């Protein structure tokens, strides 16, 4: 069972953190901390499987980042890079996790390495999962805006959610049941059907704060051991991933076959096999 812990983020935004262990781990010497950061449109519960096996040897806490999951979604809240990084910093300090390993997927990985560059005293290890360091540009942002508009919301049932995101979405190259399950988890039932728990406009505002810029300089400032993980069919290409490893002062590389962007969801056993040795050596 997951235990919710409320955290106060920057500007007073209330954040929901989740500890997936029973009983909770409260011994930092024997159970060092791990903070898990989901990607854009994700939520802490996407880390449930990872967090549960991590909890055998760590105190693993997943954070619903601002605008996501059960954390606050105030209309006027800042969705800047600084706000996301400051929230993660506040979570580590308020939860007493530091120095911690931070595992981030996609946007959460960018937050993780920006935090590690800013506060090396709080981060002792880093796992970057399928996040690019290069700029994606205006065309990418327009594609995302058009994609959100294509969603046939509200969905009548969760089965419709799974089918659309797993099969019918024009972004899907081949049927991907794991993708359908991933998006089913970020839907909630409203009077007229199933809708996302986040506001798409807020997601676009979050994305536009990093999509136009490259992030190599911050990556080079990360001093802790860092594992860069990519799915063979993900968004992070092999050449860029290997260049990220080269830029990182203490970078390592892992590649997972038969996995797309949602690596931990697509291939959970291979994901564990890739990152567990790295975590045990920290």
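Residue numbers (our numbering): 3 to 284. Using N, Cα and C, we set each Cβ at its ideal position, and we do this for glycine too. For clarity, every value in this text was computed on a predicted model and none was experimentally measured.
Listed in chain order, the alpha helix (DSSP H) elements of length 4 or more contained wholly in the region 140 to 190 are 140 to 152, 160 to 165 and 179 to 186. A direct Cα-to-Cα measurement between residue 169 and residue 159 gives close to 15 Å. Excluding five sequence positions before and after residue 74, the CB atoms of its chain that fall closer than 6 Å to its own CB belong to 15 and 16, given in chain order. When the Cα atoms are used, residue 89 and residue 78 turn out to be separated by approximately 16 Å. Secondary structure note for residue 211: it is in no alpha helix (DSSP H), with a DSSP letter that is neither H nor E.
Taking C-beta separations shorter than 6 Å and ignoring five residues to either side along the sequence, the partners of residue 232 in its chain run 132, 238, 243 and 257, following chain order. The three-state reading of DSSP puts residue 233 in strand, counting E and B together. The alpha-carbon of residue 278 is positioned some 22 Å away from that of residue 123.
Counted as a single uninterrupted DSSP element, the alpha helix (DSSP H) harbouring residue 113 occupies residues 109 to 120. With a cutoff of 8 Å on beta-carbon distance, residue 214 and residue 140 are scored as near each other. By the criterion of at least three beta-carbon pairs nearer than 8 Å, the region 40 to 49 is not in contact with the region 94 to 103.
The beta strand (DSSP E) runs of length 3 or more contained entirely in the region 38 to 95 are, from start to end of the chain, 61 to 66. Rounded to the nearest whole angstrom, the CA to CA distance from residue 82 to residue 64 is 20 Å. Here the region 212 to 231 makes no contact with the region 186 to 203; the two share fewer than three CB pairs at distances below 8 Å. Taking all protein chains shown into account, residue 198 has 16 or more neighbouring C-beta atoms within 10 Å of its C-beta and is therefore buried. The continuous beta strand (DSSP E) containing residue 19 extends over residues 16 to 21. According to the DSSP assignment, residue 278 belongs to the alpha helix (DSSP H) that extends over 270 to 282. In its chain, beyond the 5 residues on either side, 117, 120, 121 and 124 have a beta carbon closer than 8 Å to the beta carbon of residue 91. DSSP lists no beta-bridge partner residue for residue 24. The three-state secondary structure of residue 245, taken from DSSP, is helix.
A residue is called buried when at least 16 other Cβ atoms come within 10 angstroms of its Cβ; residue 66 meets this threshold and is buried. Of the candidates 143, 30, 272 and 217, 143 places its Cα closest to the Cα of residue 206. Assignment of residue 240 by DSSP, reduced to helix, strand and coil, places it in the helix class. In this structure, DSSP gives residue 265 a helical state, which the three-state scheme calls helix. Counting C-beta atoms within 10 angstroms of its own C-beta, residue 220 has 16 or more neighbours from the protein chains shown and is therefore classed as buried. Take residue 236, set aside five residues on each side of it, and the residues of its chain with a beta-carbon closer than 7 Å to its own are 132, 261, 262, 263 and 265, in chain order.
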